[in-house]
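**Q** Questions regarding the structure given below will be posed in turn.
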Amino acid sequence: MRLLVTGGAGFIGANFVHQTVAERPDTTVTVLDALTYAGNKASLESVAGRIDFVHGDIADLDLVDELVSGVDAVVHFAAESHNDNSLTEPWPFVQTNIVGTYALLQAVRRHDVRYHHVSTDEVYGDLTADEPAFTERTPYNPSSPYSATKASSDLLVRAWARSFGVRATLSNCSNNYGPYQHVEKFIPRQITNLIDGVRPRLYGAGHQIRDWIHVDDHNRAVWDILDRGRVGQTYLIGANGELDNKTVVRMLLEAFDRDPDDFDHVTDRPGHDQRYAIDATLLRTELGWEPRYADFRAGLAATIQWYRDNESWWRPDKAATERAYAAAGEQTLGSV
Ligand code: NAD
Ligand code: DAU
26 MRLLVTGGAG
36 FIGANFVHQT
46 VAERPDTTVT
56 VLDALTYAGN
66 KASLESVAGR
76 IDFVHGDIAD
86 LDLVDELVSG
96 VDAVVHFAAE
106 SHNDNSLTEP
116 WPFVQTNIVG
126 TYALLQAVRR
136 HDVRYHHVST
146 DEVYGDLTAD
156 EPAFTERTPY
166 NPSSPYSATK
176 ASSDLLVRAW
186 ARSFGVRATL
196 SNCSNNYGPY
206 QHVEKFIPRQ
216 ITNLIDGVRP
226 RLYGAGHQIR
236 DWIHVDDHNR
246 AVWDILDRGR
256 VGQTYLIGAN
266 GELDNKTVVR
276 MLLEAFDRDP
286 DDFDHVTDRP
296 GHDQRYAIDA
306 TLLRTELGWE
316 PRYADFRAGL
326 AATIQWYRDN
336 ESWWRPDKAA
346 TERAYAAAGE
356 QTLGSV
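So that you can map any letter, position 316 of the sequence shown is 341 in this note's numbering, and since no number is skipped, the others follow by simple counting.
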């Protein structure tokens, strides 16, 4: 199979490329990535000789058309992915997540190429503590500029599948963790703070709940959908990993042999979604997918070790990321 992977220099896309090169030797991989602040060519260094890399924008209609014409399938990871950034400057989210997806859809439509769209559970909004988990039938109700643009892109995909017969599948996954995740995100930000001897930074009281899944489990599900998913179908991906943010920070502190209460409460995120939770019954029963990382604490320990071993990968981004949080007004709170 000849595969075009958009966003392959980002967190999930790079892990997908590594998994594909290791486990699918018959697949030819071309990565299309704009190398924004979130893209890092070093994430693909160890597979550089085994893939083609194209530096370009998914919203470039001509480039996308040319690349799509030469492949059998597209897996679309590229996005502006960070909620906090979408609150500071929403425009790149509209451009990449909506216009970029449009460009890909027009190309796969024209060349009748199979398309898989990688999306997020955030399109469904948030849940209260006792509401049932999201399913494929949950109505869309996004809260942030990020999740609104991801929801918009999902709706474009559904429309192109129904109106034009595009052979598309979609997946909506919960919060990923693992190697190569940018230090702006919750878990790597706290790991790298702890390596630097800085206290972890918890938004507000830290009662918000996320449903954690290891990035390799996410990517195995994407491959199962590519292999055996029904065209036109949405699959939710999640590994029953619900934890509140305070619990995760305490686990990280314990992994560093630090007092579990040795963290700072900082300014909360405006409009902060309370809880995400995934019911992945369809994926499990129809496609036989099961997560391999059942133990979150063990997955976290391996992730911490990866950041310890790969300081040269994350160090160049750390100071600028912390400066951006400070410039956006993040402040330590006395009490919550
Ligand atoms: P990321 O921010 O780490 O990586 C995004 C990649 O896309 C980067 O390499 C960046 O350079 C590239 N990119 C951005 N704009 C581009 C453009 N216009 N043209 C070409 N490339 C561009 O993101 P991630 O966390 O790896 O997320 C990947 C996908 O998975 C996104 O679609 C995201 O919405 C989705 N998702 C993420 C999570 C999560 O927990 N991180 C969970 C569910 C779904
Ligand atoms: O649910 C899937 C989504 O998960 C993806 O679609 C997004 O691309 C991905 O970024 C992630 O979104 P979140 O906003 O949930 O992830 P983030 O890592 O930014 O934050 C996780 C939680 O931790 C959230 O409740 C905010 C909180 N947080 C975050 C940071 C950066 C903190 O308490 N402190 C922090 O320093």
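C-beta: ideal position from N, C-alpha, C; glycine also.
Does any heavy atom of the ligand PLP sit closer than 7 angstroms to the C-beta of arginine 192?
**A** The ligand PLP is not part of the structure shown, which contains the ligand NAD and the ligand DAU as its ligands.
**Q** Please classify glutamine 206 as buried or exposed, where buried requires at least 16 neighbouring CB atoms within 10 angstroms.
**A** Here residue 206 corresponds to residue number 181 of the sequence shown, with the count starting at 1. Buried is the call here.
**Q** Have a look at glycine 359 and threonine 45 and give me their C-alpha separation to the nearest angstrom.
**A** One-based indexing of the sequence shown puts residue 359 at position 334. One-based indexing of the sequence shown puts residue 45 at position 20. Computed Cα separation, rounded: 47 angstroms.
**Q** Specify whether the region 229 to 243 and the region 301 to 319 touch according to this definition: at least 3 beta carbon pairs, one from each stretch, less than 8 angstroms apart.
**A** yes
**Q** Return the residue from the list Ala67, Pro213 and Asp97 that minimises the CA-CA distance to aspartate 51.
**A** Residue mapping note: residue 51 aligns to position 26 of the sequence shown, counting from 1. Comparing Cα positions, the closest option is Asp97.
**Q** Less than 6 angstroms between C-beta atoms, sequence neighbours within five positions excluded: which residues of the same chain meet that for threonine 160?
**A** By 1-based counting over the sequence shown, the position of residue 160 is 135. Hits under 6 angstroms: Asp304.
**Q** Is it buried or exposed, histidine 141, if we count other Cβ atoms within 10 angstroms and call 16 or more buried?
**A** Within the sequence shown, the letter at position 116 stands for residue 141. Under this definition histidine 141 is a buried residue.
**Q** Which same chain residues, not among the five before or five after lysine 343, have their C-beta less than 8 angstroms away from its C-beta?
**A** The sequence position of residue 343 within the sequence shown is 318, counting from 1. When the five nearest sequence neighbours on each side are left out, the beta carbons in the same chain lying within less than 8 angstroms of the beta carbon of lysine 343 are those of Val208, Thr217 and Asp221, in order along the chain.
**Q** Considering only residues of the region 166 to 218, which uninterrupted alpha helix (DSSP H) runs meet the minimum length of 4 residues and lie entirely inside it, listed in chain order?
**A** 170 to 189
**Q** Nearest-angstrom Cα distance between arginine 255 and valine 273?
**A** Your numbering for residue 255 matches position 230 in the sequence shown. Your numbering for residue 273 matches position 248 in the sequence shown. In a straight line, the C-alpha of arginine 255 is about 36 angstroms away from that of valine 273.
**Q** For the beta strand (DSSP E) holding threonine 145, just list the boundary residues, first then last.
**A** Mapped onto the sequence shown, residue 145 falls at position 120. Unbroken beta strand (DSSP E) run through threonine 145: 139 to 145.
**Q** For the putative contact between valine 143 and valine 100, defined by C-beta atoms under 8 angstroms, what is the C-beta separation to the nearest angstrom?
**A** Taking the sequence shown and counting its residues from 1, one reaches residue 143 at position 118. Taking the sequence shown and counting its residues from 1, one reaches residue 100 at position 75. Yes, they are in contact, since the Cβ atoms of valine 143 and valine 100 sit about 7 angstroms apart, within 8 angstroms.
**Q** Would you list the one or two residues that DSSP bridges to arginine 226?
**A** By 1-based counting over the sequence shown, the position of residue 226 is 201. Note: arginine 226 sits in a beta bridge opposite Asp289.
**Q** Return helix, strand or coil for glutamate 267, following the three-state DSSP convention.
**A** As a first step, residue 267 must be located in the sequence shown, where it is residue number 242. The answer is strand: DSSP assigns glutamate 267 an E or B state.
**Q** In chain order, which alpha helix (DSSP H) runs of at least 4 residues are fully inside the region 290 to 345?
**A** 306 to 312 and 321 to 334
**Q** Between which two residues does the beta strand (DSSP E) holding leucine 261 run?
**A** Numbered from its first residue, the sequence shown carries residue 261 at position 236. It spans 259 to 262 - the beta strand (DSSP E) in which leucine 261 sits, taken as one unbroken run.
**Q** Compare the C-alpha of arginine 134 against each of Asp151, Ala84, Trp185 and His243 and name the closest.
**A** Taking the sequence shown and counting its residues from 1, one reaches residue 134 at position 109. Considering only alpha carbons, the answer is Trp185.
**Q** I need the straight-line Cα distance from threonine 346 to serine 188, nearest angstrom please.
**A** For the purposes of this step, residue 346 is identified with residue 321 of the sequence shown, where counting begins at 1. For the purposes of this step, residue 188 is identified with residue 163 of the sequence shown, where counting begins at 1. Computed Cα separation, rounded: 42 angstroms.
**Q** Given 7 angstroms as the limit, tell me if histidine 297 has its C-beta closer than that to any heavy atom belonging to the ligand DAU.
**A** Taking the sequence shown and counting its residues from 1, one reaches residue 297 at position 272. Remark: the C-beta of histidine 297 is in contact range of the ligand DAU, defined as less than 7 angstroms to any heavy atom.
**Q** Quick one: does the C-beta of phenylalanine 78 sit closer than 7 angstroms to a heavy atom of the ligand NAD?
**A** Within the sequence shown, residue 78 is the residue found at index 53, counting from 1. No - the ligand NAD has no heavy atom lying nearer than 7 angstroms to the Cβ of phenylalanine 78.
**Q** Answer yes or no: does any C-beta atom of chain D fall closer than 8 angstroms to that of valine 89?
**A** The displayed structure is made up of one protein chain only, and chain D is not part of it.
**Q** How is valine 54 classed by DSSP in three states: helix, strand or coil?
**A** Position 29 of the sequence shown, counting from 1, holds the residue named residue 54. When secondary structure is reduced to three states using DSSP, valine 54 falls in the strand class.
**Q** What residue does the alpha helix (DSSP H) around phenylalanine 3 start on, and which one ends it?
**A** Look at the range of the chain in this structure, 26 to 361, and you will see that residue 3 is not part of it.
**Q** Let me check you understand the geometry: is the CB of aspartate 242 closer than 7 angstroms to at least one non-hydrogen atom of the ligand NAD?
**A** By one-based count along the sequence shown, residue 242 stands at place 217. No - the ligand NAD has no heavy atom lying nearer than 7 angstroms to the Cβ of aspartate 242.
**Q** Is the number of C-beta pairs between the region 268 to 287 and the region 56 to 73 that are closer than 8 angstroms three or more?
**A** A contact is defined here as three or more CB-CB pairs under 8 angstroms, and the region 268 to 287 fails this definition with respect to the region 56 to 73.
**Q** Under 8 angstroms, with one C-beta from each stretch per pair, do the region 166 to 184 and the region 147 to 155 reach the 3-pair mark?
**A** yes
**Q** Across which residues does DSSP place alanine 98 in a beta bridge pair?
**A** Taking the first residue of the sequence shown as 1, we reach residue 98 at position 73. In the DSSP output, where bridge partners are listed per residue, alanine 98 has Leu28 and Arg139.
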